[in-house]
Amino acid sequence: MAGRGPSALAQIRWDVIVVGGGNAALCAAIEAGHAGARVLLLEGAPKPYRGGNSRHTRNFRCMHQGPMSVLTGVYEEEEYFQDLMLVTKGKTDEHLARMAIRSSEGCLPWMETHGVVFQPSLSGTLSLSRTNAFFLGGGKALVNAYYNTASDLGVTIVYEAKVRHIALASDSCEAVQVVIDGKEMELATKAVVLASGGFQADLDWLARAWGPAARNFLIRGTPYNRGEILRDMLDSGAESVGDPTQCHAVAIDGRAPKYDGGIVTRLDCVPFSVVLNKDGQRFYNEGEDVWPKRYAIWGRLVAAQPDQVAYSLIDSKSVNLFMPSVFPAIAANTIPELAQKLGLPVDSVLKTVTDFNAACRPGRFHPTELDGMSTEGLEPPKTNWARPLDTPPYYGYSLRPGVTFTYLGLKVDDTARVNGSKGRFKNIWAAGEIMAGSILGEGYLAGFGMTVGTVFGRQAGREAAAHAN
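Per this note's numbering, the sequence shown starts with residue 841, numbered consecutively.
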């Protein structure tokens, strides 16, 4: 806890209470602090784990009309929007999406002003030097910078604050019910910003949405996002948005921990590999598009396979073309040996790889852009980067679905105010993953979660402070 003891907190009628402790919550608290509001931020995690999924982020997707900060070239609204439409298959609120995109241009300098440092632009396999600005030190450095800024602005921060209920009177929040240091208390407030994430860490809720297969999923994000406030608000008449079976789920190393493995467990080898299920069969086009536009579909693809597991096989030509996992690959001198080490049926794997190699057609290989090197007469095809696996040693990784955050959330308007069944709540706003389903109907675009959190966090903080004042 920073600033005050639990008993003293209950003696104050706060201007703004922010529920959550990640990027969106911090942006809201900072903006409300700038507006002169008396702000209380309630972070459910212990201090070492503060920041939610933002701890595991790396970058921010940003519109810009010319070179800006570390970003190269231009990335204008329409291209950004079309990239989003491609991954969501049109399942988005266009008004809110375009608002987020336009606002992102002004967010990057705001972030720098508030302590975020970006590293020089990236090129190579990530293909993001023009579209995404990467944080120096990663998401943990961003989170630390924002906590320092919030403290400097006088924001009161409480860790391990378990918010149980948003107490409503008609269409307004009167107080936040929370447990701090084992004591239940009710904190009065003029306005509240909800930025407490999705429900992905509640495996029972996941299983109700997905079925029993969800119990095999790995939760690559924080274990503290269990959706308690989302459920509480839905039970209180808030309007929902999004599909409970849709989420940001990527293929991660099957050896990752059940929770909180983060970005280092993600596997980026898929475009240069042959991906098999446990029966040794290919099941999808590994070369459909550049990785930043396709990596987020692979969690769902693997989730649909037997036992929710798959295997990525590469050879020595490709081993240095992608960012490796924190775990070393399984290596072997032959394909049958690799199959055996991975626990796969040797004859089936050998036939699949032999058929794949025979279907590859010559071309000009280019790892960072669509090169058209494809297979012929193979189903499913591989439409880019299709090179035979023929150069030992060979390497393999196991893949499992890694859920970052869920898309079922609270419906908001363009001021970030939460909608209720009878209209908008007067003094409740939401930002970040708890409302991202308003824009992300399905799929994911690299760096876009930070865009949504930053844009709507700032908006929510400004609006909440204006209401309180």
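Every residue, glycine too, gets a C-beta built ideally from N, C-alpha and C.
- In this structure, Val-983 places its C-beta atom within 8 angstroms of the C-beta atom of Ser-894.
- Residue state for Phe-921 is assigned as helix, using DSSP reduced to three classes.
- Taking C-beta separations shorter than 7 angstroms and ignoring five residues to either side along the sequence, the partners of Glu-1303 in its chain run Thr-1255, Ala-1256, Arg-1257 and Trp-1269, following chain order.
- Rounded to the nearest whole angstrom, the CA to CA distance from Arg-942 to Gly-930 is 18 angstroms.
- DSSP places Asn-1267 in the strand class (E or B) of the three-state scheme.
- The three-state secondary structure of Lys-1251, taken from DSSP, is coil.
- Membership of Ile-857 in the beta strand (DSSP E) is indicated by the continuous run 854-859.
- Around the beta carbon of Gln-1040, a 10 Å sphere encloses 16 or more other beta carbons of the protein chains shown; the residue is thus reported as buried.
- Per the DSSP secondary-structure output, Ile-1020 pairs in a beta bridge with Lys-1023.
- Between the C-alpha atoms of Ala-885 and Glu-1000 there is a straight-line separation of about 5 angstroms.
- With a 10 Å radius around the Cβ and a threshold of 16 neighbouring Cβ atoms, Gly-913 comes out exposed.
- Take Asp-1021, set aside five residues on each side of it, and the residues of its chain with a beta-carbon closer than 7 angstroms to its own are Pro-846, in chain order.
- Taking a C-beta distance under 8 angstroms as the contact criterion, Pro-1228 and Cys-1200 qualify as a contact pair.
- With respect to the 8 angstroms criterion, Ala-1143 and Ala-1053 are classified as neighbours on the basis of their beta carbons.
- Ranked by Cα distance from Asn-1056, the options Pro-1063, Leu-1046 and Ala-864 are led by Leu-1046.
- DSSP places Pro-949 in no beta strand (DSSP E) but in the uninterrupted alpha helix (DSSP H) bounded by 934-953.
- A Cβ-Cβ contact shorter than 8 angstroms links Lys-1098 with Leu-1058.
- Residue nearest to Asn-1309 within the set Ala-848, Leu-849, Trp-854 and Ala-850 is Trp-854 (criterion: CA-CA distance).
- The C-beta distance from Val-1243 to Cys-1087 rounds to 5 angstroms, short enough to fall under 8 angstroms.
- A direct Cα-to-Cα measurement between Gly-1297 and Gln-959 gives close to 23 angstroms.
- Closest in C-alpha terms to Leu-968, from the list Asn-899, Glu-945 and Gly-873, comes Asn-899.
- Looking at the backbone, the Cα of Cys-947 and that of Asn-1173 are separated by about 50 angstroms.
- Cα atoms of Asp-933 and Ala-1009: separation of roughly 30 angstroms, rounded to the nearest angstrom.
- The three-state reading of DSSP puts Ala-1035 in coil, since its state is none of H, G, I, E or B.
- For Phe-1296, the three-state secondary structure derived from DSSP is helix.
- Short of 6 angstroms from the beta carbon of Arg-878, and not among the five residues preceding or following it, lie these beta carbons of its own chain, in chain order: Trp-854 and Asp-855.
- As summarised for the region 1186-1265, the continuous alpha helix (DSSP H) elements at least 4 residues long and confined to that stretch are 1186-1199, given in chain order.
- In the structure shown, the three-state DSSP call for Cys-867 is helix.
- For the region 1076-1147, the full-length alpha helix (DSSP H) segments reaching 4 residues or more read 1131-1134 and 1138-1143 along the chain.
- Judged by their CB atoms, Leu-849 and Leu-993 are not nearer to each other than the 8 angstroms cut-off.
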